[in-house]
Amino acid sequence: MTDIAREVASRRTFAIISHPDAGKTTLTEKLLYFSGAIQSAGTVKGKKGGKFAASDWMEIEKQRGISVASSVMQFEYRDHMVNLLDTPGHQDFSEDTYRVLTAVDSALMVIDAAKGVEEQTIKLLNVCRLRNTPIVTFMNKYDREVRDNLELLDEVENVLKIRCAPVTWPIGMGKTFRGVYHILRDEVIIFTPGQGPLDEVEIIKGLDNPRLDELFPLEIGNTRMELELVQGASHPFDLDDFLAGTLTPVFFGSAINNFGVREILNALVDWAPPPGERDATVRAVNPNEEKFSAFVFKIQANMDPKHRDRIAFLRVCSGRFERGMKFKHLRLGRDIAANSVVTFMAQGREQIEEAFAGDIIGLPNHGNIQIGDSFSEGEVLSFTGIPYFAPELFRVVRIKNPLKLKQLQKGLQQLGEEGAVQVFKPLNGGDLILGAVGVLQFEVVASRLLNEYGVEAIFESTSIYTARWVTCDDARMLADFEKNLVNNLSRDAADSLAYLASSRVNLELIQERWPKLQFHATREHA
Ligand code: G4P
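According to the UniProt record's numbering, the sequence shown holds residues 1 to 526 in order.
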């Protein structure tokens with residue numbers, strides 16, 4: 001095995017997904033605590049859930065240095081290098097979330113066991129399914145009154161359409177939560193709230209052990225009965241099915257009490273896949289190749305408002321990144337000397353020395369880099385599968401002070417490249433049009449325009465129904481189309497041509513009239 005192959009094999013890159021309030025932030029913190037990356041829980045000052053209004057979000061963004069440190073985190077556990085990526089909880093940021101999920105090899109799904117499968121979980125799972133991402137499930141909050149265990153599994157299977165393989169099984173709940181039975185190891189792990197990673201865990205071997213009847217006479221009978229039912233009704237854990245994304249190992253616990261956290265870390269290290277091959281335009285790229293390659297899945301601007309810097313988050317796909325090396329920004333054909341590339345740890349960013357496939361590295365830049373951009377040591381390739389979605393909501397942008405037009409254009413260009421919102425420039429020179437998936441995006445953009453670019457913008461509603469990116473092999477026909485429909489056409493931040501339709505009927509009509517043109521609901525990187 002080469003050095004690179006060894007490093008790659010030790011990498012685990014996963015996203016943590018949940019409906020707001022299920023316990024994602026708490027569990028993230030506990031994973032860091034149990035890995036030794038932080039010394040005590042309560043150190044990661046991340047964002048609080050997703051129940052925020054736009055104003056809270058803004059407040060959070062003011063502390064961007066901190067929240068970014070907690071959106072990508074690297075830590076070591078059992079000789080493995082683990083990269084944990086947070087996903088925005090609010091549905092209005094589903095595009096951003098989608099792109100985060102393109103950068104991971106597995107996902108950890110947290111479910112509030114009192115509530116079961118919630119709306120945002122369904123959406124996130126659908127996104128994971130597009131890439132067959134393997135999912136580990138954590139049923140949280142067993143220190144509370146929760147729903148029936150079997151019913152919960154049933155709901156996951158039926159609503160999320162993924163088979164469940166319980167690996168642990170809870171004994172009791174709420175005030176009588178006693179611990180979990182580890183089905184694969186045939187042992188009971190006793191619930192002791194607040195144990196740290198170094199504390200000794202009390203374990204009782206065998207489900208039939210009479211000691212369990214002594215300790216938990218009221219609960220253990222029910223647990224044995226449930227387990228019999230489970231054995232009939234659910235599925236045994238199967239690694240191949242898990243890796244294919246069709247079966248999820250399920251763990252039960254209480255993140256706030258540090259219970260069940262170690263089992264999750266072990267599952268990720270033991271079962272979750274290391275980085276695999278990635279598709280690019282010309283060929284698939286193997287993570288063990290010697291040459292470095294990477295793509296951008298996220299850009300965060302103005303992390304430090306004083307410096308106006310932007311960080312592009314790159315997922316390394318192959319080779320070895322070394323500090324100071326040169327690599328090529330393929331879209332611009334420009335060399336980049338990577339002296340200030342950073343990595344993200346629990347408590348901030350650090351200069352990075354080296355990185356391998358699966359790692360996330362941060363490249364500070366002053367613009368130019370866009371989501372979806374690829375980097376290599378020279379070979380021309382472009383990683384695929386990092387889409388933009390056709391927006392569902394549109395606004396026309398006007399400004400109060402016409403002298404600020406330049407700042408507005410610059411601000412929107414940058415926010416567009418960052419993926420915060422989609423920006424369309426009408427071919428006929430009319431007002432800029434913004435497109436979003438969620439309405440909160442507009443509020444965020446308005447506030448950032450004001451705070452970061454000093455522009456007071458007004459967003460007005462418009463009758464646009466949807467957008468479709470238009471391509472055609474026949475340049476003359478495309479030119480003809482542009483001429484005929486100039487009032488309905490725009491270019492986005494990546495200069496791609498888009499048709500803005502006023503209704504579904506209008507879109508269908510245009511598609512019928514121009515049968516040789518392709519109308520795309522998603523756009524991959526230009
Ligand atoms: P999120 O990132 O998924 O939105 O969830 P977060 O971790 O912020 O947790 C949401 C709420 O659920 C928090 O309570 C948190 O303390 C609580 N929580 C997380 N894990 C558990 C658990 O295992 N058991 C119980 N009982 N509660 C849990 P909060 O009241 O909103 O905030 P806080 O004031 O407690 O911080």
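Ideal Cβ placement from N, Cα and C applies to all residues, glycine included.
No experiment lies behind these values; they were computed from the predicted model shown.
(message) Using a Cβ-based criterion (distance less than 7 Å to any ligand heavy atom), does Lys141 qualify as near the ligand G4P?
(response) yes
According to DSSP, simplified to helix, strand and coil, what is Asn158?
helix
query: Quick one: Cα of Met58 to Cα of Val421, how far?
result: With a pLDDT of 45 at Met58, under the threshold of 50, the modelled position of this residue cannot be trusted; read the value that follows with caution. For Met58 and Val421, the distance between alpha carbons rounds to 16 Å.
Counterpart residues of Asp279 in DSSP-defined beta bridges = Ala284
- request: Count the CB pairs spanning the region 475 to 482 and the region 503 to 523 that are closer than 8 Å, and state whether there are at least three.
  value: yes
Asp240: first and last residue of the uninterrupted alpha helix (DSSP H) it sits in
Leu239 to Leu243
Counting only runs that start and end within the region 191 to 240, where is the alpha helix (DSSP H) found for 4 or more residues in a row? 210 to 215 and 220 to 233
Taking 7 Å as the cut-off, is the C-beta of Ser18 nearer than that to any heavy atom in the ligand G4P? yes
* Asked: Taking DSSP as the reference, what is the three-state secondary structure of Ile352?
  -> coil
Give me the residue from Ala475, Val180, Asp79 and Asp112 with the minimum Cα distance to Glu219. Val180
- By Cβ distance, which residues of its chain are closer than 6 Å to Arg349, with the 5 residues on each side in sequence left out? Val342
**Study point:** Cβ-Cβ distance between Ile369 and Val296 below 8 Å
**Key:** yes
- Task: Would you please state the rounded distance, in angstroms, between the beta carbons of Arg310 and Asn222? I believe it to be under 8 Å.
- Result: 55 Å between Cβ atoms; not a contact.
Original post:
At which residues does the beta strand (DSSP E) containing Ile135 begin and terminate?
Top reply: Ile135 to Asn140
Next item on the list: Please name the residue or residues paired with Pro426 in a DSSP beta bridge.
Entry: Ser490
Inset, instruction - Inspect the beta-carbon positions of Asp238 and Leu247 and report whether they are closer than 8 Å. - result: yes
(request) Give the range of the beta strand (DSSP E) segment to which Gln414 is assigned. (result) Where Gln414 is concerned, there is no enclosing beta strand (DSSP E), although the alpha helix (DSSP H) it sits in stretches over Leu405 to Glu418.
Contact under 8 Å by Cβ, Asp186 with Gly172
no
Which word fits Asp86, buried or exposed, when buried means at least 16 other C-beta atoms lie within 10 angstroms of its C-beta?
-> buried
Check each candidate in Gly358, Val397, Glu418 and Pro402 and name the one with the smallest Cα separation from Ile371. Glu418
Under a Cβ-count criterion, where at least 16 other Cβ atoms within 10 Å of its own Cβ denotes burial, should Met300 be classed as buried or exposed? Going by the sequence as given, residue 300 is Gln instead of Met. With 16 or more Cβ atoms within 10 Å of its Cβ, Gln300 is classed as buried.
- Rounded to a whole number of angstroms, what is the C-alpha to C-alpha distance between Ala498 and Trp469? 4 Å
Would you be able to state if there are at least three C-beta pairs under 8 Å between the region 272 to 287 and the region 353 to 367? yes
Helix, strand or coil: which one does DSSP assign to Thr471? strand
Consult DSSP for Trp57 and reduce its assignment to one of helix, strand or coil. Because the pLDDT at Trp57 is just 43, under 50, the model does not fix this residue reliably, and the value given afterwards should be weighed accordingly. Note: Trp57 maps to helix in three-state DSSP.
| Just the Cα atoms here: how many angstroms apart are Arg320 and Trp169? | 41 Å
Practice problem: Report all residues from its chain with a CB closer than 6 Å to the CB of Gln518; omit the five preceding and five following residues, and keep chain order. | Solution: Thr471
**Asked** Relative to the C-alpha of Pro134, which residue among Pro249, Leu408, Arg211 and Asn286 is closest?
**Response** Pro249
What separation, rounded to the nearest whole angstrom, lies between the Cα atoms of Gly50 and Phe14? With a pLDDT of 38 at Gly50, under the threshold of 50, the modelled position of that residue is not reliable, and the figure given next carries that caveat. Rounded to whole angstroms, Gly50 to Phe14 spans 20 Å at the Cα level.
Discussion item. Classify Gln120: buried if its beta carbon has 16 or more other beta carbons within 10 angstroms, exposed otherwise.
Written reply: buried
Inset, instruction - Compare the C-alpha of Ala113 against each of Gly454, Val285 and Asn140 and name the closest. - result: Asn140
Rounded to the nearest angstrom, how far is the Cβ of Ser490 from that of Leu427, given a contact under 8 Å?
6 Å
TODO: Could you round the C-beta distance between Ala107 and Cys128 to whole angstroms and report it? I think they count as a contact, below 8 Å.
DONE: 5 Å
Distance, Cα to Cα, Gly333 vs Ala475?
-> 24 Å
Below 8 Å between beta carbons: does that hold for residue 528 and Phe383?
Any question about residue 528 goes unanswered here, given that the chain covers just 1 to 526.
task: Look at the alpha carbon of Tyr465 and the alpha carbon of Asn506, and state the distance between them as a whole number of angstroms.
output: 9 Å
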